[in-house]
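Residue numbers (the UniProt record's numbering): 1 to 246. Where is the CB? At the ideal position from N, CA and C, for every residue including glycine. Predicted model only: the values in this text are computed from it and were never measured. Here the structure comes first, spelled out in structure tokens, and everything after it is commentary.
Laid out in structure tokens, this is it:
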């Protein structure tokens with residue numbers, strides 16, 4: 001749609017330019033700041049700077065999530081070794097207390113399984129699976145903001161595009177079809193710059209969301225495997241199973 005609108009505007013402006021004497025070339029083009037960070041229209045300027053601010057927020061959140069959801073934070077080696085130490089010494093109460101006081105992903109899901117030890121190994125496995133899903137959802141929830149920003153930014157940029165084209169066409173109508181190209185350029189510039197910044201926000205945000213989410217999925221899957229290994233001592237042996245069947 002923007003390309004079609006620009007073509008229509010070009011055809012409309014060409015006759016007016018042909019009637020006028022060729023204007024001398026401008027001594028200096030618009031500055032970089034004016035081209036990408038400024039608009040003479042107040043609403044267009046607001047959209048541009050809203051998207052610019054959103055781009056910095058998206059970058060900051062990405063850095064926060066990358067640092068927060070590292071493997072060393074979700075699956076600390078101290079957590080695994082601490083629980084293993086207590087379980088190997090058959091200090092089950094100490095192992096449960098240690099896991100309950102550990103805020104990491106591995107500590108929380110292992111604690112939920114150990115707390116079901118009195119109900120049998122099947123109950124421990126079930127608790128581990130349920131808590132693993134719940135904890136993974138809790139961890140993933142904050143990064144959804146990157147997904148939201150990545151989807152809203154192009155829509156906001158498209159809004160600026162449509163608004164800029166409306167302004168450009170209105171300028172053409174007010175001039176009776178012979179508008180000065182310089183006057184039309186303001187609306188067209190707003191349309192293009194808002195589209196540009198919408199993409200600048202959306203592309204890194206969606207890419208960061210995908211990378212961080214895949215990283216979290218991989219770490220949480222590894223955490224479930226580690227937790228299953230930790231509760232393995234509670235699994236009934238084959239001899240006990242066969243004797244209970246008899």
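If I follow the unbroken alpha helix (DSSP H) through residue i, where does it start and stop?
i, result
"residue 65", "42-68"
"residue 139", "121-140"
"residue 234", "Premise fails: residue 234 is in no alpha helix (DSSP H) and is neither H nor E."
"residue 114", "105-114"
"residue 96", "92-100"
"residue 35", "32-37"
"residue 168", "144-174"
"residue 118", "Run containing residue 118: none; DSSP gives neither H nor E here."
"residue 78", "77-88"
Whole angstroms is fine: what's the gap from residue i's alpha carbon to residue j's?
i, j, result
"residue 155", "residue 164", "14 Å"
"residue 73", "residue 182", "56 Å"
"residue 31", "residue 37", "10 Å"
"residue 170", "residue 39", "17 Å"
"residue 91", "residue 208", "43 Å"
"residue 22", "residue 180", "The predicted model places residue 22 with a pLDDT of 44, which falls under 50 and marks its position as unreliable, so this point remains unresolved."
"residue 229", "residue 211", "28 Å"
"residue 218", "residue 187", "47 Å"
"residue 58", "residue 50", "12 Å"
"residue 234", "residue 133", "22 Å"
"residue 115", "residue 69", "26 Å"
"residue 99", "residue 83", "7 Å"
"residue 33", "residue 175", "29 Å"
"residue 136", "residue 227", "14 Å"
"residue 10", "residue 215", "Reliability fails at residue 10, whose pLDDT of 47 lies under 50, so the model's placement of it is uncertain and no value is given."
"residue 86", "residue 221", "24 Å"
"residue 142", "residue 60", "13 Å"
"residue 122", "residue 237", "13 Å"
"residue 113", "residue 88", "17 Å"
"residue 195", "residue 101", "49 Å"
"residue 25", "residue 173", "In this prediction, residue 25 has a pLDDT of 40, which is less than 50 and means its spatial position is unreliable; nothing more can be read from the coordinates."
"residue 5", "residue 43", "Any answer about residue 5 is weak, because its pLDDT of 49 lies below 50 and its placement is not dependable; what the coordinates show is given next. Distance between the alpha carbons of residue 5 and residue 43 is about 20 Å."
"residue 250", "residue 52", "Any answer about residue 250 is impossible in this case: the structure gives the chain only from 1 up to 246."
Can you tell me which of the options puts its alpha carbon nearest to the alpha carbon of residue i?
i, options, result
"residue 131", "149, 166, 111, 233", "111"
"residue 204", "158, 56, 43, 35", "56"
"residue 108", "129, 122, 88", "129"
"residue 54", "79, 150, 94", "150"
"residue 78", "66, 58, 105", "105"
"residue 45", "68, 127, 191, 116", "191"
"residue 65", "199, 201, 144", "144"
"residue 147", "161, 213, 76, 60", "213"
"residue 206", "153, 185, 189, 220", "153"
"residue 48", "98, 189, 99", "189"
"residue 76", "215, 223, 237", "223"
"residue 201", "141, 62, 232", "62"
"residue 139", "173, 196, 71", "71"
"residue 158", "197, 135, 173, 167", "197"
"residue 35", "185, 136, 125", "185"
"residue 161", "193, 85, 96", "193"
"residue 41", "173, 167, 195", "167"
"residue 81", "231, 173, 195", "231"
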